[in-house]
Every structure is written in structure tokens, then in C-alpha cells.
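According to our numbering, the sequence shown is numbered sequentially starting from 436. Report on the structure given below.
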Amino acid sequence: MRPRHFRPAGAMRGEIRVPGDKSISHRSIMLGALAVGETRVTGLLEGEDVLSTAAAMRAMGARVEREDIGEWVVNGVGVGALLQPQAPLDMGNSGTSTRLLMGLVASHAIEATFVGDASLSKRPMGRVIEPLSRMGAAFDSAEGGRLPLTVRGASPAVPIEYRLPVASAQVKSAVLLAALNTPGITTVVEPVPTRDHSERMLRGFGAELEVEEIDGANGPERVIRLRGEAELRPQVIEVPGDPSSAAFFIVGALIIPGSELLIRNVGLNPTRAGLIGVLRDMGGRIDEENPRVVGGEPVADLRVFHSPLKGIEVDPALAPSMIDEFPVFFVAAALAEGRTVTSGLDELRVKESDRLSAMAAALTLAGASVTENEDGLVIHGTRGDPLPGTGGPIATHLDHRIAMAMAIAGMASVKGVEVDDTRPIATSFPVFEELLEGVTQ
Numbered sequence: 436m437r438p439r440h441f442r443p444a445g446a447m448r449g450e451i452r453v454p455g456d457k458s459i460s461h462r463s464i465m466l467g468a469l470a471v472g473e474t475r476v477t478g479l480l481e482g483e484d485v486l487s488t489a490a491a492m493r494a495m496g497a498r499v500e501r502e503d504i505g506e507w508v509v510n511g512v513g514v515g516a517l518l519q520p521q522a523p524l525d526m527g528n529s530g531t532s533t534r535l536l537m538g539l540v541a542s543h544a545i546e547a548t549f550v551g552d553a554s555l556s557k558r559p560m561g562r563v564i565e566p567l568s569r570m571g572a573a574f575d576s577a578e579g580g581r582l583p584l585t586v587r588g589a590s591p592a593v594p595i596e597y598r599l600p601v602a603s604a605q606v607k608s609a610v611l612l613a614a615l616n617t618p619g620i621t622t623v624v625e626p627v628p629t630r631d632h633s634e635r636m637l638r639g640f641g642a643e644l645e646v647e648e649i650d651g652a653n654g655p656e657r658v659i660r661l662r663g664e665a666e667l668r669p670q671v672i673e674v675p676g677d678p679s680s681a682a683f684f685i686v687g688a689l690i691i692p693g694s695e696l697l698i699r700n701v702g703l704n705p706t707r708a709g710l711i712g713v714l715r716d717m718g719g720r721i722d723e724e725n726p727r728v729v730g731g732e733p734v735a736d737l738r739v740f741h742s743p744l745k746g747i748e749v750d751p752a753l754a755p756s757m758i759d760e761f762p763v764f765f766v767a768a769a770l771a772e773g774r775t776v777t778s779g780l781d782e783l784r785v786k787e788s789d790r791l792s793a794m795a796a797a798l799t800l801a802g803a804s805v806t807e808n809e810d811g812l813v814i815h816g817t818r819g820d821p822l823p824g825t826g827g828p829i830a831t832h833l834d835h836r837i838a839m840a841m842a843i844a845g846m847a848s849v850k851g852v853e854v855d856d857t858r859p860i861a862t863s864f865p866v867f868e869e870l871l872e873g874v875t876q
């Protein structure tokens, strides 16, 4: 373990670039590996999760090579031509890699075994197993649909119409990736829209994909149809900065007095930008500069100013658009004026850790007033006063976002916050600590 005491710091000032978007980085390697020819990717996130995806695609026949920092070349094998991996695919801590690659394997005539670290091995995969089994794939897994898990792909797989029982971009993407090598039209119905990077990128690579908005019983729904046996064309992809990584610096600048921070090249896909809207509703000043579109994704530079925040009740319908940002959002709520109420966050209990329980315990240890409910937290803020800080280490549970969120909390505290292990940060944001030190006065 690598503990660290994150001590109170001065204002966040200057400008930074956060690493490339993790969701887009994963998908660019996977789809590049399924295209015939050379795909070039710049700005790729070189965290451990994405490197797990790259290693898995190499094991199934693609050439995936790093030419320079953030510049990668992928030579694909074509849809339907993935090779049998000769050893188990080690997913490390990456749930995204595991679930999406399960979809890829499910419609190919190969067998693959997925293994992961202690944290990933606790995460249930049943929500992906269920639709992929309906498409014809077979699964052997540890108890409760957990890793280690073996997938035997179906050839040919069967197209299905699948209504997502919970909002999950990973489940949606797994089914769509399986559909690429499935004859006929596979349909996914989303009662609640989730991040749409898969749809945007699949279209960009040449897949025949349609999205229709319809009126459902409880509001608008999205119907996504993909025609299988696709032929994907190689692409040149520029990965925008990850909004989930930018979130830590956005919150830090909002809650640390005297801060004014410019974060360049942040992806602002509307299915991912819920946090920014919620922080603005709390009184946060976050200005967008130089808005543009890069590779089909909206991007802008964000200038963030220290702002007095007010507690609010967060609409649970916004949860899918900020699901990964809740740990650091809870930190912002802890320093706001008044009460912040969140609900509808059951998904946070099956992330890298139980993020509701982990953040409730960590913030309480740091001196915040937190009540944990079944599906959310209620936080009574300090009215902008710094948190007292911790007298001992908080438990990160091998979760990178818990570690980074509590690092920000430590910088807005009286005596700092000790994090029990900073190693998990490398899974998504290897340069987090370096950037943090570079912008604090």
C-alpha cells in the first residue's frame, strides 16, 4: 500500500490538461481492433484500465502499439476474425474492459477467460451475462456471476431486442458490440439515456446504427438498432479530456478560496456533463471557453472560480450523466451551505467499491455530517468552512475515485486527510498527484 497525507493547500491557479477520456479510449482500441486497416489514436488515456483493454485486444490478434505519449496505432483484424486468446485475459481493476470485451467475445467462435484484481473480482457481471446468453453465448463464472469468468462465444449469435432493466452504458455497449458480428438487427431500448460514446463511435467506424427517441410510459426512451455483420473502417481519433478526471479539479477550484483554474480540452458530451450543471445549480461559476466539436464529441475549455455553494436536492434522473462523479460531488456538498440530498444511486454500490458506504465513512471520518440511506447520501454542509480533517487513514477499498475525492477533501480541510492507498489512482489518472501539486499555491 502507498498511503499519503493530503494536506490543506492554497488556491488552485493556472491551467492544466487532464488525460484522455477513459470511456472513449477503451472504445477506440476495441473498435480499431475490429476494423480492417490502421486506426490512429491521439490523446489516449494511458492508465492501467485502458492498458488492460490494449493487452486483451493484442491477445485476440490485433496489433496495438504506442508510438509516443498519447499516440497509438491499432491494426485491426476485422469483425468476426478475433483469435482465440492463449491465456486468461487479465482485466486488472477495469469493469469497463471486462463487460465490453465480454460482448465482443460473445458473438465470435472463440473462448476467453477473464480474471481481475480483488476489487474487480467482487463486482457482479450478471447484468451482462443475461442479454449475452440470450444471444447464444455460454458462461462459466465464480459464484454470483463474478470473475474468474469464461465466455464461449456463439457463431452465429442471435439478434435480440433488449430493454435495459437499469441505466447502464456498459451493458448497452456490451450488447451493441456483440451485435457487430450477429446477423440481422439487434435492438437495445434505454428507458433512461446513458452515455452515448459507443453509438457515436460505432457510427464513425461505419456501423449501420440508428437511434430513435420514442414516448415511453415514464417519459422519453431511446431505441438503438444495429445491423450486424458490420464492416468497420479504420479512423483517426482525437480523444478529448476526461470529464470524470476534470471533475476533481473542478470541485477543488470551487471549494478552495482564491482559486481560478483553467482546464483545457474537456469533453462535454451531454450524457456525461451532469455534474457541471448540478454544480452550477449550487452556485458554482464554471465558464466554458472555446467550445468546439472534436471527432463528433463536444469539447470546451473550462474556467472555474472559487464559489460559495448551496446545498440542493439532486434529481435522480441526472444520475446516469454524473454517475462516476458522485464521490467528488459529495465532497463539494460537504462544504456547501445547507443540506444536499441524493437518491436513486443504487448503481454506486456495485462500482469498484460500495461508493455510498465508502464515501459516507470517509467524509464522516474527515468531520463531515453525512447520513447514508439505501440509495443515496444526505450531507449537511459546513457553509464553506474547511472540514476538520482526519486523525487516521480513510479506507479507499482499492477505488481510484474514493482516493482522489478524499485527496481534494484533504486540501479543503484544517489538518488534512490521510488516504490509506494511492496506488489505485493509476487505473484512471496516473498524473493526478503531479497535476495537483502543479496548480496549488
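Ideal Cβ positions, reconstructed from N, Cα and C, are used throughout, including at glycine. Keep in mind that this is a model prediction, so the values were computed, not measured.
N-terminal and C-terminal residue of the alpha helix (DSSP H) that residue i is part of
{"i": "residue 606", "result": "604-614"}
{"i": "residue 533", "result": "530-541"}
{"i": "residue 867", "result": "867-874"}
{"i": "residue 634", "result": "632-639"}
{"i": "residue 462", "result": "457-469"}
Residue i in three-state terms, based on DSSP
{"i": "residue 572", "result": "coil"}
{"i": "residue 665", "result": "coil"}
{"i": "residue 486", "result": "helix"}
{"i": "residue 850", "result": "coil"}
{"i": "residue 859", "result": "helix"}
{"i": "residue 799", "result": "helix"}
{"i": "residue 835", "result": "helix"}
{"i": "residue 784", "result": "helix"}
{"i": "residue 493", "result": "helix"}
{"i": "residue 475", "result": "strand"}
{"i": "residue 599", "result": "coil"}
{"i": "residue 844", "result": "helix"}
{"i": "residue 577", "result": "strand"}
{"i": "residue 655", "result": "strand"}
{"i": "residue 565", "result": "helix"}
{"i": "residue 793", "result": "helix"}
{"i": "residue 593", "result": "coil"}
{"i": "residue 805", "result": "strand"}
{"i": "residue 504", "result": "coil"}
{"i": "residue 627", "result": "coil"}
{"i": "residue 511", "result": "strand"}
{"i": "residue 619", "result": "coil"}
{"i": "residue 524", "result": "strand"}
{"i": "residue 864", "result": "coil"}
{"i": "residue 814", "result": "strand"}
{"i": "residue 822", "result": "strand"}
Residue range of the unbroken beta strand (DSSP E) whose run includes residue i
{"i": "residue 687", "result": "Looking at the DSSP string, residue 687 is not in any beta strand (DSSP E); the run it does join, the alpha helix (DSSP H), is 678-690."}
{"i": "residue 449", "result": "448-452"}
{"i": "residue 672", "result": "671-673"}
{"i": "residue 582", "result": "581-587"}
{"i": "residue 556", "result": "Neither: residue 556 is in no beta strand (DSSP E) and is coded neither H nor E."}
{"i": "residue 646", "result": "644-651"}
{"i": "residue 441", "result": "439-441"}
{"i": "residue 546", "result": "546-550"}
Residue environment, residue i, which counts as buried when at least 16 other CB atoms sit within 10 Å
{"i": "residue 462", "result": "buried"}
{"i": "residue 541", "result": "buried"}
{"i": "residue 700", "result": "buried"}
{"i": "residue 472", "result": "exposed"}
{"i": "residue 649", "result": "exposed"}
{"i": "residue 728", "result": "exposed"}
{"i": "residue 722", "result": "exposed"}
{"i": "residue 575", "result": "exposed"}
{"i": "residue 594", "result": "buried"}
{"i": "residue 449", "result": "exposed"}
{"i": "residue 528", "result": "buried"}
{"i": "residue 771", "result": "buried"}
{"i": "residue 518", "result": "exposed"}
{"i": "residue 825", "result": "buried"}
{"i": "residue 704", "result": "buried"}
{"i": "residue 732", "result": "buried"}
Residue i beta carbon near the ligand SAH (any heavy atom closer than 6 angstroms)
{"i": "residue 441", "result": "As for the ligand SAH, it is missing from this structure, which has no ligand bound."}
Give a yes or no on contact between the segment 738-745 and the segment 659-675, applying the rule of three or more CB pairs nearer than 8 angstroms. no
So does the segment 494-512 actually touch the segment 468-484, counting three or more Cβ pairs closer than 8 angstroms? yes
Continuous alpha helix (DSSP H) assignments of at least 4 residues falling wholly in the segment 746-781: 761-769
Meets three-Cβ-pair contact criterion under 8 angstroms: the segment 549-558 and the segment 590-601: no
Any contact of the segment 601-618 with the segment 650-668, i.e. 3+ C-beta pairs under 8 angstroms? yes
Which runs of the beta strand (DSSP E) at least 3 residues long sit entirely within the segment 693-755? Give them in chain order. 695-702, 720-729 and 732-740
Do three or more CB pairs link the segment 759-766 to the segment 832-844 at distances below 8 angstroms? yes
The segment 636-650 / the segment 556-569 touching (three or more Cβ pairs under 8 angstroms): no
Quick test of the definition: if touching needs 3 or more C-beta pairs under 8 angstroms, does the segment 814-824 touch the segment 790-805? yes
Check whether the segment 676-691 touches the segment 706-720, taking contact to mean three or more Cβ pairs, one atom from each stretch, closer than 8 angstroms. yes
The segment 847-857 contacting the segment 436-453, beta-carbon criterion three pairs below 8 angstroms: They touch, by the three-pair rule.
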